[in-house]
Every structure is written in C-alpha cells, then in structure tokens.
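Protein chains in written order, with this note's numbering: chain A, 21 to 464; chain B, 68 to 407. Just so it is clear, CB atoms sit at the ideal spot from N, CA and C, and this is done for glycine as well.
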C-alpha cells in the first residue's frame with residue numbers, strides 16, 4: 021500500500037468498527053426456497069403493474085409486473101413455478117406493499133438468458149439500446165436506495181456528464197457483498213463500466229474503494245493497467261464514504277449543490293453491484309432476479325455472502341447461515357448505520373437488500389438518554405455540515421420553516437449524529453420527523 | 068427465539084463507545100495531576116477543600132433534583148463531581164468549610180439546577196460559585212496559604228504573582244524589580260507559586276489537556292485560541308513598555324489562565340458548538356482577561372472573562388457555522404468548460 025494518505029471527504033464523518041466478518045467468505049448460491057414473495061415496490065418510484073394471475077406458470081426471468089411510467093421498474097420472477105396469492109405483505113420498510121408469491125417448482129429459466137460464466141467483452145448495443153435493455157431488465161441501484169438505473173442514465177437536456185464514478189466503498193460496517201463481488205467478478209464489473217461509459221458517452225470512470233479492501237483494489241489496479249479511461253482510487257475508511265455526495269467530493273472535489281443531483285456537477289454514480297447487474301442485463305440478457313446478500317452479526321455461526329433469488333424470505337437466508345442465534349434481539353435489513361430493523365422473518369429479500377445483520381439482545385436496545393451537553397460532536401460528525409442538535413430541537417418544536425432555513429432537507433440520514441451523541445439523543449429520529457412534516461406541509 | 072421479541076427501532080443500530088458518564092470520568096482523570104500537585108503543594112488543606120466541595124456539590128445536586136424538581140437523581144452522570152472539583156480548584160486551600168458550603172450551594176443551586184440541570188446552564192457553575200464567593204468573602208478568597216513550594220521565599224510571596232505585580236505597579240515599582248522577587252518561569256511552569264488549589268502547575272494542567280485531547284473529549288480550539296490571544300496581546304503591551312507590562316510568558320503561566328484554558332472554558336455546556344465558534348470564544352476570553360489584568364482593578368480576570376463570554380455563547384452559536392456541503396460550488400476548471 022502506498023505511503024501517502026488516501027483520499028476522503030472533507031466534512032464530518034465517523035469511524036465505527038468495520039466488523040467485516042465475512043470479507044473472506046466466497047459468494048455461494050443459496051439453496052432455492054420453497055416459495056418466494058416478490059414485492060412490486062422494490063424501487064423508488066411508482067409500483068410496477070402486475071401482469072400475472074394466480075395459478076399462472078412462470079419461468080425464472082419472466083416479467084411478472086411492468087413499470088408504470090418512467091420512474092418505475094420492471095419486476096421479474098426470480099424462480100420457476102406457479103403464481104400463488106397476490107396480497108399485501110410487510111416488507112423491510114415495515115409497511116405493507118403488494119407482493120406476488122410464487123411456489124417454486126424446478127429451476128427453469130427464460131430461454132434467451134445466458135447463464136454461463138463466459139465473459140462477453142464486445143458491446144454490440146447502441147447507447148439508447150443499452151438504456152432500454154437496463155430498463156427492461158429491472159435494474160435498480162443495489163447499494164440500498166434502489167433508484168431505477170435507467171433514470172440515472174437518462175441525463176436531462178442541458179446537463180453534461182464527464183465522469184462515471186463506480187461506488188465500491190461499502191462503508192457500512194459488517195457488509196461485504198460488494199467487496200466479494202469485486203474480488204470474484206472484477207472482469208464482469210469492468211465490462212459493466214464500459215457499458216455504462218458507452219451509454220453515457222463519457223471517457224473517464226473511477227472506481228472508489230475503501231482501503232480496508234486492499235485485495236479488491238489490487239485486483240482492479242492489475243486489470244486496469246491497459247485501460248486508460250478507467251482508474252481505481254483507494255479511499256480512507258471513514259463513514260459515510262459511500263454516500264454519493266461524499267464520494268463525489270472525495271474523488272473529484274466537486275460538491276453537489278443543495279437539492280441538486282450528481283449530474284449537476286457532471287457526474288453519475290453507480291454502485292458496483294448495480295454495475296455487475298448492468299453487465300448481466302446488457303451482455304447476458306439476464307434481468308435482475310438475484311443478488312449478493314451478506315448475512316452477518318457477532319453471534320452468527322457462519323457469516324456468509326449468498327447469491328439469493330429476489331423474494332426469498334429472510335428466514336431461508338438465515339437458515340443458510342446456520343440459523344438464528346439464540347441471543348438475537350434485532351434483525352436489520354441492510355447495514356447497522358442505515359439499515360432497517362425488520363419485524364417479521366418472512367420479509368422478502370428485495371433488489372436493494374445488501375445484507376441481513378443479526379444484532380444480539382444486549383446491543384439491540386438504545387441506552388439511557390441524557391440532556392444535550394453541547395459537546396458539538398454531532399456537528400463534527402455531520403457529513404453535510406449541518407447542526408443536527410439544532411435540527412432536533414426545531415423538529416421537536418415543530419418549527420419547520422426554521423428547520424428548512426437550517427437545511428434540514430440536505431440531511432442524507434446517514435446516522436452519524438445519533439451514532440456519536442454521548443447523550444444517546446434520538447437526533448436522526450427527530451430530523452426524519454421534521455423532514456416528513458415539512459414534506460406534508462408542502463403538499464397542503 | 069420468537070419473532071415477537073425482535074426490537075424495532077430506526078437506524079442507526081450501533082452507537083459509539085463514548086457516553087456522557089465516560090466523558091465525565093475522563094475529565095475527572097484529566098484533573099488528577101493538578102489535584103495531586105495541589106496536595107503536594109498545600110498539604111492536606113487542598114484535600115479537605117476538594118473533598119468538602121465535591122461532597123457538597125453532589126449532595127446539593129441530589130437534594131435539589133430529588134426534592135425540588137421531583138426528578139430522578141442526576142448525580143450518576145458525574146457532572147456534579149466535576150463542578151465540585153473545579154470549584155475547589157478555584158479557591159484557596161485554607162477556605163473554611165462553611166464558605167465552601169455556600170459556594171457549592173450557589174454553584175449547583177443557582178449556577179446549574181435553577182436552569183434545569185446538566186446541559187441547560189448558560190454559565191459555568193463552578194465559576195458562578197467562585198465569583199459569588201470572591202465578591203462575598205473577599206478576605207477569605209484572597210488570602211492564600213504559603214505553599215510548600217514557595218516556603219523559601221519571604222512572606223510577601225504568599226500573595227499570588229499577579230497580586231504582587233498589580234500591587235507593585237500601583238506602588239510605582241517597575242516590572243524588573245517585581246520580577247526579581249518572584250520565582251523563575253521554570254518554577255511557574257511546574258507550579259512553584261502561590262494561588263488557588265488547581266491553578267498552580269501549568270505542567271500538571273497541560274498533562275490533563277493532553278489526556279483530554281488524546282481521548283477526543285475536547286478539541287484544541289478553545290485552549291489554543293485563548294492562550295495565543297493572551298500571549299499576543301500581552302506581548303504587544305510588553306514590547307511597547309517592558310517596564311510597565313510583564314512578559315507574555317508571565318501572563319500565560321500565572322494565575323488562572325491555564326486552569327481556565329484547560330478546564331473552565333472548555334466546559335461543553337457553556338462553550339460554543341462549532342470549531343469556529345470555539346475560536347471566537349477563546350479569543351474573547353483572552354481579550355477580556357488581558358483587559359482586566361492590565362487595566363482593571365482586579366489582578367486576575369480569567370473567571371470574569373469566561374463568565375462574560377459564556378453570555379455570548381448563544382449568539383456565537385447562531386452565527387459561527389461550519390462550512391456546509393454544497394454551499395460553495397467546486398472550482399473545477401474542467402467542469403467550467405463542460406458547462407459551456
């Protein structure tokens with residue numbers, strides 16, 4: 021590793037223990053479940069429209085719900101079998117959303133999907149066709165937010181993009197899905213990057229990886245020797261390095277304006293997992309129906325990285341990792357900083373589910389709350405340069421106009437403020453409340 | 068395990084190790100060198116005063132929280148212990164117990180609990196108590212016992228170096244003559260001087276500062292800006308007239324400057340939130356300290372300076388903001404060309 025300090029974002033940030041327990045566990049396909057539950061709302065935007073009925077036979081890769089409007093996404097069956105009940109089920113957001121259940125029978129795929137491991141480097145599709153294929157394949161951002169990828173690739177008129185950033189940071193503690201993918205499928209990811217570069221007509225791409233993944237950085241450095249347009253950049257381990265805005269600032273020293281998009285500063289960011297899915301969609305005609313999910317936690321018997329079919333109930337994934345430990349107090353979909361606690365083990369794995377974290381009972385409850393002692397640690401930690409303590413007070417008082425003046429809408433909800441608060445104050449909870457009420461106020 | 072027992076709460080699901088009681092513990096540890104030195108210097112008097120002060124402060128906190136505010140006792144966070152130690156650090160080692168009792172009552176009762184307890188008080192509680200005592204018991208508060216370390220000097224030196232300086236200058240003596248009566252800078256640095264319990268040894272206090280910085284309890288901003296301000300301002304006066312004004316080093320190493328910079332001004336509750344605010348705050352304290360020392364009637368001004376600046380903290384918090392992400396557009400030449 022080089023002696024000079026690696027790049028990082030300049031405002032705020034925290035250093036939780038990274039706990040990457042499954043960093044050296046290869047990705048293994050999870051055994052097919054008996055049933056999958058596929059929500060039609062796995063992405064940001066409008067729910068997809070269901071086009072199958074109970075009793076229909078479907079194959080893996082077959083479209084079962086189509087996108088409604090542009091900001092939406094197609095949903096494919098992840099297994100072969102028979103469509104069962106279509107009803108509202110609780111998903112990882114804690115809300116009920118319509119989902120299609122499919123009883124698994126065999127493993128038959130739609131014919132034109134290339135399931136081999138052969139690397140296809142030649143990109144035959146034209147830029148517009150690439151975007152169309154990505155849209156058709158139901159690819160959404162796999163880092164967590166699940167924003168439809170084709171929307172990101174359709175840069176609005178008047179904006180010019182000159183850099184593609186590939187987010188391989190994986191700054192959430194415990195999670196290793198992206199790390200393993202970079203170690204095991206680097207060539208596919210590089211082709212995926214070229215596909216994206218072609219679609220966006222950019223000639224520069226940077227892969228940003230935190231320096232706790234030295235193996236992944238080295239693999240890319242070696243593979244990219246003869247690729248002048250693509251580079252890999254090691255980044256300091258600092259949360260939230262993988263936040264889109266933070267990553268852009270760390271790599272290019274550009275700041276996305278308040279309320280703006282990365283394309284406002286000439287950048288498009290895609291996660292490595294998404295890039296791999298884009299490779300598969302464009303080069304192998306394979307829709308997004310499976311993803312890598314890290315199953316981890318201090319008491320988990322075998323912290324693992326599984327290739328999981330979308331819609332697999334969490335319980336099936338947990339059984340694959342040696343079952344649910346006796347001391348489990350909380351189950352989180354995603355990482356410990358931004359993931360969502362789930363209430364039900366039947367919650368299905370969705371396109372945005374990067375990991376399942378099991379937290380022991382003794383760590384699952386919050387500690388005693390003290391008065392704010394004005395230590396200023398939340399301000400030091402905030403990667404957006406906000407004053408979280410003040411936003412908490414304003415949200416609590418219901419003073420939304422002042423909260424807006426204090427840029428409450430800029431909050432990326434990374435949780436750094438609540439993480440550092442020595443008084444254990446529920447800072448982010450109140451900021452979320454303030455943001456929600458501000459949105460409601462606007463609608464009225 | 069049944070699923071009904073799963074905890075549901077919003078993110079984040081992990082928390083840093085540092086909590087309020089741990090911070091308070093670290094601050095108490097940071098005060099140990101200065102405390103030990105005070106016992107070495109003043110003997111058991113320092114121990115008695117500190118013990119009384121801590122017991123009284125904790126007792127008042129408990130009684131007021133429990134019986135006046137009907138809240139659960141808030142003594143376990145350790146903040147009352149710190150107030151007690153800091154009050155003791157700011158008084159002479161021969162202070163009678165009933166004066167300490169009154170000081171503790173004012174510190175905790177008026178300085179802290181009347182505002183709603185930890186986190187709500189605008190003024191540093193220990194300094195509220197200290198200044199109250201200084202105004203109410205001027206004789207007891209300014210007659211310092213002869214410290215062990217200064218025994219070899221004549222009786223006059225049981226006054227503080229700053230007191231000697233102020234009196235001497237008033238009597239028309241020059242700084243040179245006065246300095247000749249006092250210990251060397253090295254002695255000042257290690258604490259061989261006279262004064263309140265905790266303010267003796269810059270060395271012991273700096274050990275505490277180092278510990279708090281290492282443990283990331285506080286940042287360097289307040290102590291450094293305060294010390295630099297005092298050094299530069301007194302330096303300007305000293306250069307302008309060395310016969311009338313003492314050296315900047317003298318001002319830094321005597322009186323309550325080090326104690327103030329390390330433990331009093333850095334109190335979370337009564338200092339600004341942001342680093343920029345802290346720099347302004349430290350500068351203000353330094354400026355006021357120098358003005359009081361050089362032109363006021365009191366020989367020492369750190370306590371007053373800190374209390375006055377405490378009053379400005381809400382204003383400083385309002386305007387001294389940290390740089391916000393996205394507030395400035397990146398000056399990327401490449402980007403500029405892209406835009407056209």
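Checklist entry - Rounded to the nearest angstrom, how far is the Cβ of residue 53 of chain A from that of residue 333 of chain A, given a contact under 8 Å? => result Residue 53 of chain A sits at position 33 when you count from the first residue of the first chain. Residue 333 of chain A sits at position 313 when you count from the first residue of the first chain. Contact between residue 53 of chain A and residue 333 of chain A holds: CB atoms are separated by about 6 Å, below the 8 Å threshold.
Next on the checklist: Beta carbons nearer than 7 Å to chain B: which residues of the stretch 202 to 228 of chain A have them?
Outcome noted: Flagged: no residues at all.
Checklist entry - Would the beta-carbon of residue 394 of chain B fall within 9 Å of that of residue 344 of chain B? => result One-based indexing of the second chain puts residue 394 of chain B at position 327. One-based indexing of the second chain puts residue 344 of chain B at position 277. In this structure, residue 344 of chain B does not lie closer than 9 Å to residue 394 of chain B by Cβ.
Checklist entry - Taking the C-alpha atoms as reference points, what is the distance between residue 334 of chain B and residue 429 of chain A? => result Residue mapping note: residue 334 of chain B aligns to position 267 of the second chain, counting from 1. Residue mapping note: residue 429 of chain A aligns to position 409 of the first chain, counting from 1. So the two alpha carbons sit approximately 31 Å from each other.
Next on the checklist: Strictly under 9 Å for the Cβ-Cβ distance: is residue 373 of chain A near chain B by that measure?
Outcome noted: One-based indexing of the first chain puts residue 373 of chain A at position 353. Not closer than 9 Å to any Cβ of chain B, the Cβ of residue 373 of chain A fails to qualify, so no.
Checklist entry - Going by DSSP, which residues form a beta bridge with residue 69 of chain A? => result Here residue 69 of chain A refers to the residue found at position 49 of the first chain. Answer is A:86.
Next on the checklist: Give me the DSSP bridge partner(s) of residue 27 of chain A.
Outcome noted: As a first step, residue 27 of chain A must be located in the first chain, where it is residue number 7. For residue 27 of chain A, the beta-bridge partners assigned by DSSP are A:255.
Next on the checklist: For the alpha helix (DSSP H) containing residue 110 of chain A, name the first residue and the last one.
Outcome noted: For the purposes of this step, residue 110 of chain A is taken as residue 90 along the first chain, with counting starting at 1. Note, residue 110 of chain A: premise wrong, no alpha helix (DSSP H); beta strand (DSSP E) at 101 to 110.
Item to check | Neighbouring residues, chain A, relative to residue 336 of chain B (Cβ below 7 Å) | outcome: Working through the second chain from its first residue, we reach residue 336 of chain B at position 269. Chain-order list of chain A residues neighbouring residue 336 of chain B: 393, 394, by C-beta distance under 7 Å.
Next on the checklist: Between which two residues does the beta strand (DSSP E) holding residue 228 of chain A run?
Outcome noted: Taking the first chain and counting its residues from 1, the one referred to as residue 228 of chain A is at position 208. Under the DSSP assignment, residue 228 of chain A falls in the beta strand (DSSP E) whose first and last residues are 225 to 230.
Item to check | Rounded separation between residue 219 of chain B and residue 250 of chain B - CA only | outcome: Walking along the second chain from the start, residue 219 of chain B turns up at place 152. Walking along the second chain from the start, residue 250 of chain B turns up at place 183. At residue 219 of chain B the pLDDT is 44, less than 50, meaning the model places this residue with poor confidence and gives no usable figure here.
Checklist entry - Taking 9 Å as the CB-CB limit, is residue 250 of chain B close to chain A? => result Translated into positions along the second chain, residue 250 of chain B becomes position 183. Not closer than 9 Å to any Cβ of chain A, the Cβ of residue 250 of chain B fails to qualify, so no.
Next on the checklist: Cutting at 6 Å between CB atoms, please list the residues of its own chain near residue 41 of chain A, excluding the five before and the five after it.
Outcome noted: Position 21 of the first chain, counted from the start, is the residue given in the question as residue 41 of chain A. Excluding positions up to five away in sequence, the list reads 316, 323.
Next on the checklist: Residues of the stretch 79 to 90 of chain B in Cβ contact with chain A at a cutoff of 9 Å, in chain order, please.
Outcome noted: Cβ contacts with chain A come from 79, 80, 81, 82, 83, 85, 86, 87, 88, 89, 90.
Checklist entry - For residue 119 of chain A, which residues does DSSP report across the bridge? => result Working through the first chain from its first residue, we reach residue 119 of chain A at position 99. According to DSSP, residue 119 of chain A bridges with A:59, A:107.
Item to check | the stretch 190 to 207 of chain B in contact with the stretch 160 to 177 of chain B per 3-pair CB rule at 8 Å | outcome: Segment contact: the stretch 190 to 207 of chain B against the stretch 160 to 177 of chain B, three or more CB-CB distances shorter than 8 Å; contact assigned.
Item to check | 7 Å Cβ cut-off: residues of chain B touching residue 386 of chain A | outcome: By 1-based counting over the first chain, the position of residue 386 of chain A is 366. What residue 386 of chain A touches in chain B: 76.
Checklist entry - Taking the C-alpha atoms as reference points, what is the distance between residue 364 of chain A and residue 110 of chain A? => result As a first step, residue 364 of chain A must be located in the first chain, where it is residue number 344. As a first step, residue 110 of chain A must be located in the first chain, where it is residue number 90. Taking the straight line joining both Cα atoms gives about 8 Å.
Checklist entry - When we look at the beta-carbon of residue 13 of chain B and count the other beta-carbons within 10 Å, is it buried (16 or more) or exposed? => result Nothing about residue 13 of chain B can be reported from this structure: the residues present for chain B run from 68 to 407 only.
Next on the checklist: Which same chain residues end up closer than 8 Å to residue 36 of chain A when comparing Cβ atoms and leaving out the 5 residues on each side of it in sequence?
Outcome noted: By one-based count along the first chain, residue 36 of chain A stands at place 16. Answer for residue 36 of chain A: 193, 259, 356, 357, 439, listed in chain order.
Next on the checklist: Here's the rule I'm using: 16 or more other beta-carbon atoms within 10 Å means buried, otherwise exposed. How should residue 222 of chain B be labelled?
Outcome noted: On the second chain, residue 222 of chain B is found 155 positions in, with the first residue counted as 1. Confidence in residue 222 of chain B is poor, its pLDDT being 44 and thus under 50, which makes the residue's placement unreliable; the coordinate value appears in the next sentence. By the neighbour-count criterion, in which a residue is buried when 16 or more other Cβ atoms sit within 10 angstroms of its Cβ, residue 222 of chain B is exposed.
Checklist entry - Is the Cβ of residue 191 of chain B closer than 9 Å to any Cβ of chain A? => result By 1-based counting over the second chain, the position of residue 191 of chain B is 124. Output row for residue 191 of chain B: interface = no.
Next on the checklist: Can you look up residue 220 of chain A in the DSSP assignment and give me helix, strand or coil?
Outcome noted: In the first chain, counting from the first residue as 1, residue 220 of chain A sits at position 200. Per DSSP, reduced to three states, the secondary structure at residue 220 of chain A is helical.
Next on the checklist: Using only CA atoms, which one of A:283, A:264, A:97, A:213 lies nearest to residue 251 of chain A?
Outcome noted: The count along the first chain starts at 1 and reaches residue 251 of chain A at position 231. When only C-alpha atoms are compared, the closest one is A:213.
Next on the checklist: Below 7 Å on C-beta distance, what does residue 440 of chain A contact in chain B?
Outcome noted: Taking the first residue of the first chain as position 1, residue 440 of chain A is located at position 420. Correct list: 83.
Item to check | Where the beta strand (DSSP E) containing residue 49 of chain A begins and where it ends | outcome: The residue given as residue 49 of chain A occupies position 29 in the first chain. First-last of the beta strand (DSSP E) with residue 49 of chain A: 47 to 49.
Next on the checklist: Could you check whether the Cβ of residue 31 of chain A sits closer than 9 Å to any Cβ belonging to chain B?
Outcome noted: One-based indexing of the first chain puts residue 31 of chain A at position 11. With 9 Å as the cut-off, residue 31 of chain A counts as an interface residue toward chain B.
Next on the checklist: If distances are taken between C-alpha atoms only, which option among B:99, B:73, B:83, B:78 comes closest to residue 279 of chain B?
Outcome noted: Within the second chain, the letter at position 212 stands for residue 279 of chain B. From the listed residues B:99, B:73, B:83, B:78, the smallest Cα separation to residue 279 of chain B is found for B:99.
Item to check | Distance between residue 135 of chain A and residue 72 of chain B (C-alpha atoms, nearest Å) | outcome: Here residue 72 of chain B refers to the residue found at position 5 when the second chain is read from its first residue. Here residue 135 of chain A refers to the residue found at position 115 when the first chain is read from its first residue. Roughly 41 Å separates the two Cα atoms.
Item to check | Closer than 9 Å to chain B by CB, residue 256 of chain A | outcome: Counting from 1 along the first chain, the entry for residue 256 of chain A is found at position 236. False, the Cβ-Cβ gap to chain B never drops below 9 Å.
Item to check | Near-chain A residues of the stretch 372 to 391 of chain B (beta-carbon distance less than 9 Å), N- to C-terminal order | outcome: Within the stretch 372 to 391 of chain B, the residues whose Cβ lies closer than 9 Å to some Cβ of chain A are 380, 384, 388, 389, 390, 391, listed in chain order.
Item to check | Assigned secondary structure, residue 277 of chain B (DSSP; H/G/I helix, E/B strand, else coil) | outcome: In the second chain, counting from the first residue as 1, residue 277 of chain B sits at position 210. Note: residue 277 of chain B maps to helix in three-state DSSP.
Item to check | Whole runs of the alpha helix (DSSP H) within the stretch 72 to 147 of chain B, excluding any shorter than 4 residues | outcome: Correct list: 87 to 109, 111 to 130.
Checklist entry - Should residue 317 of chain B be labelled buried (16 or more other beta-carbon atoms within 10 Å of its own) or exposed? => result By 1-based counting over the second chain, the position of residue 317 of chain B is 250. Looking at its Cβ environment, which holds 16 or more other Cβ atoms inside 10 Å, residue 317 of chain B is buried.
Next on the checklist: Below 8 Å on C-beta distance, what does residue 356 of chain A contact in chain B?
Outcome noted: On the first chain, residue 356 of chain A is found 336 positions in, with the first residue counted as 1. Under the 8 Å cutoff, chain B gives 78, 79, 80, 81.
Item to check | Partner residues on chain A for residue 308 of chain B, Cβ-Cβ distance less than 8 Å | outcome: Your numbering for residue 308 of chain B matches position 241 in the second chain. Simply none; closest approach about 40 Å.
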